[in-house]
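Beneath this line is the structure, given in structure tokens, with notes to follow.
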Amino acid sequence: MDHASQTSSGELSVAIIDDDPVETEILSILMDEVFEAVEISSFGTVSEFLDGSRNASFQLVFLDRRLPPYSRFDETLPLVVPAAPKAAIILITAHTFERVDLSAYPNVAGPFAKLDLMTPEDLRGLIGKHLPQ
1 MDHASQTSSG ELSVAIIDDD PVETEILSIL MDEVFEAVEI SSFGTVSEFL
51 DGSRNASFQL VFLDRRLPPY SRFDETLPLV VPAAPKAAII LITAHTFERV
101 DLSAYPNVAG PFAKLDLMTP EDLRGLIGKH LPQ
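What the sequence shown shows, in the numbering used here, is residues 1 to 133, in sequence order.
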């Protein structure tokens, strides 16, 4: 991993924004397997992320589609992207049928089905494609 994508302590700084604690835990475990040094912060709502990101500099953000009161990426992206301007943002969902216009968000990729990210190899491949080096 290139040092440009790690914090000064050498850890990759990751935020997971998902209201399902089980899915957050699974993704956290997989991230620990993919990276030697990773610092994961989890947020159950967009508001929690906005409050928690004020003094943070995340390099990678996983954003779930349904985060009450929001149900679409079109609603959450305008809030999340400015709060993590240097991060690669990966949209994750159980339902990949939603079309999302990402033309205004060059640092955002997806959406990707959560079930397609359930192995360290799959997650490593996805992150390798979208995390700036």
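Ideal Cβ positions, reconstructed from N, Cα and C, are used throughout, including at glycine.
Since the model is a prediction, treat every value here as computed from it, not as a measurement.
First and last residue of the uninterrupted beta strand (DSSP E) at residue i
i, result
"LEU123", "Note, LEU123: premise wrong, no beta strand (DSSP E); alpha helix (DSSP H) at 120-130."
"PHE97", "No beta strand (DSSP E) holds PHE97; DSSP gives it neither H nor E."
"SER13", "12-17"
"ALA104", "That residue, ALA104, is in no beta strand (DSSP E); it is neither H nor E in DSSP."
Buried or exposed (CB count within 10 angstroms, at least 16 for buried), residue i
i, result
"SER13", "buried"
"GLY128", "exposed"
"PRO111", "buried"
"ASP51", "exposed"
"LEU123", "buried"
"PHE97", "exposed"
"VAL22", "exposed"
"LEU131", "buried"
"ASP32", "exposed"
"LEU77", "buried"
Nearest-angstrom Cα separation, counted from residue j out to residue i
i, j, result
"THR119", "ARG99", "25 Å"
"ALA56", "PRO85", "11 Å"
"ASP20", "GLN59", "22 Å"
"SER41", "ASP74", "23 Å"
"GLU11", "PRO69", "32 Å"
"ILE26", "SER53", "22 Å"
"ARG72", "ASP101", "12 Å"
"ILE16", "VAL61", "6 Å"
Cutoff 7 Å: residue i Cβ touching any chain C Cβ
i, result
"LEU77", "Any reference to chain C falls outside this structure, which holds one protein chain only."
Mind pulling the beta strand (DSSP E) runs of 3 or more residues that sit fully within the stretch 21-88? 38-43 and 60-64
Taking 8 Å as the cut-off, does the stretch 51-68 touch the stretch 87-107 (at least 3 CB pairs, one atom from each stretch)? yes
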